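Chains as they are written, first to last, in this note's numbering: chain A, 147 to 325; chain B, 20 to 268. Positions of the beta carbon are idealized from the N, C-alpha and C atoms, including for glycine. Given the structure is predicted, the values throughout are model-derived calculations rather than measurements.
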């Protein structure tokens, strides 16, 4: 069982992202806004497996998260795909302190990108109604999410990075490059 | 004797890795088609030990008092109207289902709550959800054990509302923060801070006269419209128990 879990760690952790997304505890929020969970998984995974895999997993994550969200008019897929590609092109410093800072900084930018793309969809959808100005106060959501995501990223991403790295040799189940 | 049997083949289905990938993609496809029902039901099962208790009155007493005041005033108005009108749309309480909130997303863009009652308890899509204080939202999707409620604060939410004091209709639109806005398509409407907002008697989606909120501030006039910020009476971030009520219009 332990061997099985270690071998399929990436796959198992992937399936738990929507559970965290649904859980979204209030006490872990900032100004009522919770962190953007999928980035914590996507960043270490794309760093290890590259841009192409980042793109595909970004797409899969977006599909699953859109399914459990009720706003069917808007999608999280574009933001996650762009982040997946971008994260795959980055490298992490060997220095632990620099790496931790980098995780936080990258997740901040990723969260800003995803939230901005989501807001732009809302604005585009409501453009014809002449009400788009009323959606601007929700820009607070973007900055609160950027802050809390960047704050938690060093802790969670470094943990996942170590776990994924250790199981990389054993686990090539969803490594599309090698297929 | 010549052995014509092939020693080895290299077909894709002979690789275990490809099968695992295929099953994984099939799983993703299933999640997409079922609108995440698998996840919601799984979440229902694992979150069961942590469901909220029944005692939270201290937190919500204020909202309940405000709701009762609005209801009393509205009942008086309704009685007068009923004498004049022979038929009036009525809210049936016989079909209400109690449910507890097992997941909530009340910050950020995604504003929804997930309840622990689904199609197995008779919840239908389109039913509306009220909590202490008033209306919270409408059931937007259901799974076997859960139902997902789109909150009034969601950027995709729009419902017809009614300002009881001036007898005016408006459109309540979620804007992605805790204060949805009411748009009045008449800039001369005489609304004031503190006016009660109820569901519209003309709405085809919801029964009339359910408490929604109080006008908190009035924005500058925009062209031919007037908008107002609403403080909702039902607080989805604090409520643990709600009532799901089937629409009978």
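Could you tell me which chain A residues have their CB closer than 8 angstroms to the CB of residue 125 of chain B, listed as they occur along the chain?
-> 172 and 178
For chain B, is any of its Cβ atoms less than 7 angstroms away from the one on residue 319 of chain A?
-> Here residue 319 of chain A scores only 49 on pLDDT, less than 50, and its place in the model should not be relied on; the value that follows carries that caveat. So, interface residue.
Ignoring anything shorter than 4 residues or poking outside the region 179 to 238 of chain A, list the alpha helix (DSSP H) runs there in chain order.
-> 183 to 195, 197 to 214 and 223 to 234
Per-residue contacts from residue 286 of chain A into chain B (C-beta, under 8 angstroms) = 196
Sort A:296, A:227, A:219 and A:174 by Cα distance to residue 199 of chain A and report the nearest one.
-> A:227
Report the three-state DSSP secondary structure of residue 265 of chain A (helix, strand or coil).
-> helix
Could you name the residues of the same chain whose beta carbon sits closer than 8 angstroms to that of residue 193 of chain A, not counting the 5 residues immediately before and after it, in chain order?
-> 233, 234, 236, 237, 238 and 307
Can you tell me whether residue 112 of chain B is buried or exposed, with buried defined as 16 or more other CB within 10 angstroms of its CB?
-> At residue 112 of chain B the pLDDT is 48, less than 50, meaning the model places this residue with poor confidence; the figure from the coordinates comes in the next sentence. So residue 112 of chain B ends up on the exposed side.
Is the region 173 to 180 of chain B touching the region 216 to 223 of chain B in the sense that three or more CB pairs, one from each, lie closer than 8 angstroms?
-> yes
For residue 45 of chain B, count neighbouring Cβ atoms within 10 angstroms of its own Cβ and tell me buried if that reaches 16, exposed if not.
-> exposed
Residues that DSSP places opposite residue 188 of chain B in a beta bridge = B:181
Contact under 7 angstroms by Cβ, residue 173 of chain B with residue 263 of chain B | no
Figure out for me which residue from B:70, B:152 and B:35 has the closest Cα to the Cα of residue 232 of chain B.
-> B:152
7 angstroms Cβ shell around residue 311 of chain A - same chain, five flanking residues per side excluded | 194
List the residues of chain B that residue 185 of chain A touches, going by C-beta distances under 8 angstroms, in chain order.
-> Within 8 angstroms Cβ-Cβ: nothing; residue 185 of chain A doesn't reach chain B, min ~13 angstroms.
Starting from the beta carbon of residue 138 of chain B, find every residue of chain A whose beta carbon is closer than 9 angstroms, and list them in chain order.
-> Correct list: empty, because the minimum Cβ distance to chain A is about 16 angstroms.
Could you please give me the residues that DSSP links to residue 248 of chain B through a beta bridge?
-> B:200 and B:236
Inter-residue spacing [alpha-carbon to alpha-carbon] between residue 170 of chain B and residue 185 of chain A = 25 angstroms
7 angstroms Cβ shell around residue 179 of chain A - same chain, five flanking residues per side excluded = 287, 290, 291 and 294
Compare the Cα-Cα distances from residue 247 of chain B to each of B:256, B:60 and B:200 and report the closest residue.
-> B:200
With a cut-off of 7 angstroms, does the C-beta of residue 213 of chain A fall near any C-beta of chain B?
-> yes
When the distance is taken between beta carbons, is residue 150 of chain B closer than 7 angstroms to residue 168 of chain B?
-> no
Under the rule that 16 or more other beta-carbon atoms within 10 Å means buried, what is residue 95 of chain B, buried or exposed?
-> exposed
Enumerated in chain order, which unbroken segments of the alpha helix (DSSP H) with a length of 4 residues or greater are wholly contained in the region 275 to 312 of chain A?
-> 285 to 312
Identified DSSP bridge partners for residue 36 of chain B = Answer by DSSP bridge pairing: none, since residue 36 of chain B is not bridged.
Below 7 angstroms between beta carbons is the criterion; list the residues of the region 199 to 212 of chain A that meet it against any residue of chain B, in chain order.
-> 206, 209 and 210
Do we get a CB-CB distance below 7 angstroms when we pair residue 291 of chain A with the residues of chain B?
-> yes
Excluding sequence positions up to five away, which residues of its chain have a Cβ less than 8 angstroms from the Cβ of residue 119 of chain B?
-> 70, 71, 134, 135, 259, 260 and 261
Name, going along the chain, the residues of the region 155 to 188 of chain B whose beta-carbon falls closer than 7 angstroms to a beta-carbon of chain A.
-> 159, 160, 167, 169, 173, 174 and 175
Check whether the region 218 to 225 of chain A touches the region 243 to 252 of chain A, taking contact to mean three or more Cβ pairs, one atom from each stretch, closer than 8 angstroms.
-> no
Does DSSP put residue 225 of chain B in a helix, in a strand, or in coil?
-> coil
State the beta-bridge partners of residue 56 of chain B as determined by DSSP.
-> Paired residues: none, contrary to the question.
Should residue 187 of chain B and residue 63 of chain B be called a contact, given that it needs their Cβ atoms to be closer than 7 angstroms?
-> no
Distance, Cα to Cα, residue 175 of chain B vs residue 193 of chain B?
-> 7 angstroms
How big is the Cα-Cα spacing for residue 91 of chain B and residue 250 of chain B?
-> 20 angstroms
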